[in-house]
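Input: a single structure, listed below in structure tokens.
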Amino acid sequence: MAHMTFTLRLALLACCCFALATPALRAADAPPYAVGAAFAAFETKDQHDKPFRYTGGARRVVVSFEMDTGKAANAFLEKQPADYLARNDTLFIANIHGMPGIARTFAMPKMRRYPHRILLADAEEFLARYPQKENHLTVLLLDGHDAITAIRFVAKKEAAAAFTAP
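Using the numbering used here, read the sequence shown as starting at 95 and increasing by one per residue.
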């Protein structure tokens with residue numbers, strides 16, 4: 095094994111790369127979420143760098159794709175009790191993919207000060223399934239079995255409705 099040929103090493107490297115990329119490829123190749131679709135389990139981290147694994151139970155998922163919609167959502171949420179999202183079976187996901195390092199230097203400490211949990215989307219394939227509309231929050235409403243019952247887009251000036259309206 096110590097004298098493995100270059101070709102064999104290259105083949106092993108290619109297999110390892112494919113195996114590591116396969117989950118990301120599946121997520122990116124999955125169809126966009128639609129009413130009636132099952133909301134899939136996922137793993138990510140929150141603003142405190144704590145791992146988060148979703149395996150079911152949410153009734154609402156709110157996604158911010160842009161900084162302005164995220165600020166509007168956080169402005170509403172910081173006025174609520176720290177357990178507001180958990181008590182309302184709601185997940186809040188913020189897109190930080192593509193945020194330059196210098197911006198993260200300032201944004202992450204501010205995010206850590208919020209009392210509510212912000213799940214971070216730091217990979218393009220993570221957000222690929224979520225429908226989006228510019229300058230709007232995406233809201234997915236789920237039934238008790240993780241089936242999507244509605245998809246709404248809420249303007250940033252009405253951010254509170256993303257977390258309160260049926």
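Just so it is clear, CB atoms sit at the ideal spot from N, CA and C, and this is done for glycine as well.
Q) Got a sec, what are the start and stop residues for the alpha helix (DSSP H) residue 163 sits in? A) Where residue 163 is concerned, the enclosing alpha helix (DSSP H) stretches over 161-171.
Q: Between the Cα of residue 217 and those of 136, 132 and 201, spot the shortest distance and give me the residue it belongs to.
A: Taking only the C-alpha atoms, the option nearest residue 217 is 136.
**Q.** Simplified DSSP state of residue 128, which is helix, strand or coil
**A.** Coil, per DSSP.
Q.
Let's test the definition: count the other Cβ atoms within 10 Å of the Cβ of residue 258 and tell me whether it reaches 16, buried, or not, exposed.
A. Exposed, because fewer than 16 other Cβ atoms sit within 10 Å of the Cβ of residue 258.
Q | Buried or exposed by the 16-neighbour rule on C-beta atoms within 10 Å, applied to residue 210 | A | A residue is called buried once 16 or more other Cβ atoms fall within 10 Å of its Cβ, and residue 210 is buried on that count.
Q. With distances taken from CA atoms, which of 250, 241, 207 and 170 is nearest residue 129?
A. Taking each of 250, 241, 207 and 170 in turn and checking the Cα distance to residue 129, the smallest one comes out for 241.
**Q.** Sequence-distant residues of the same chain with beta carbon closer than 7 Å to residue 225, five excluded per side
**A.** Listed in chain order, the non-local C-beta contacts of residue 225 below 7 Å within the same chain comprise 126, 127, 232 and 245, local neighbours out to five positions each way being set aside.
Q: Taking residue 154 and residue 184 to be in contact with their CB atoms under 8 Å, please state how far apart those CB atoms are, rounded to whole angstroms.
A: Going by Cβ atoms, the distance from residue 154 to residue 184 rounds to 4 Å, so yes, they are a contact pair.
Q: Give the DSSP bridge partners of residue 139, in chain order.
A: Beta-bridge pairing links residue 139 to 145 and 214.
Q) Beta carbon of residue 220, beta carbon of residue 163: below 8 Å? A) The answer is no: Cβ separation not under 8 Å.
Q) Taking buried to mean at least 16 other C-beta atoms within 10 Å of its own C-beta, is residue 168 buried or exposed? A) With 16 or more other Cβ atoms within 10 Å, it is buried.
Q: Report, in whole angstroms, the separation of the C-beta atoms of residue 146 and residue 189, which I expect to be a contact under 8 Å.
A: That pair is no contact at about 15 Å.
Q | Exposed unless 16 or more other CB atoms sit within 10 angstroms - verdict on residue 142 | A | So residue 142 ends up on the exposed side.
Q: Go to residue 257, then tell me how far its alpha helix (DSSP H) extends in each direction, as first and last residue.
A: Annotation for residue 257: the continuous alpha helix (DSSP H) segment containing it runs 253-258.
(Q) Please state the DSSP three-state secondary structure of residue 133. (A) Coil at residue 133, not helix or strand.
Q: Output the distance between the C-alpha atoms of residue 133 and residue 179, rounded to the nearest integer angstrom.
A: The straight-line gap from Cα to Cα measures roughly 18 Å.
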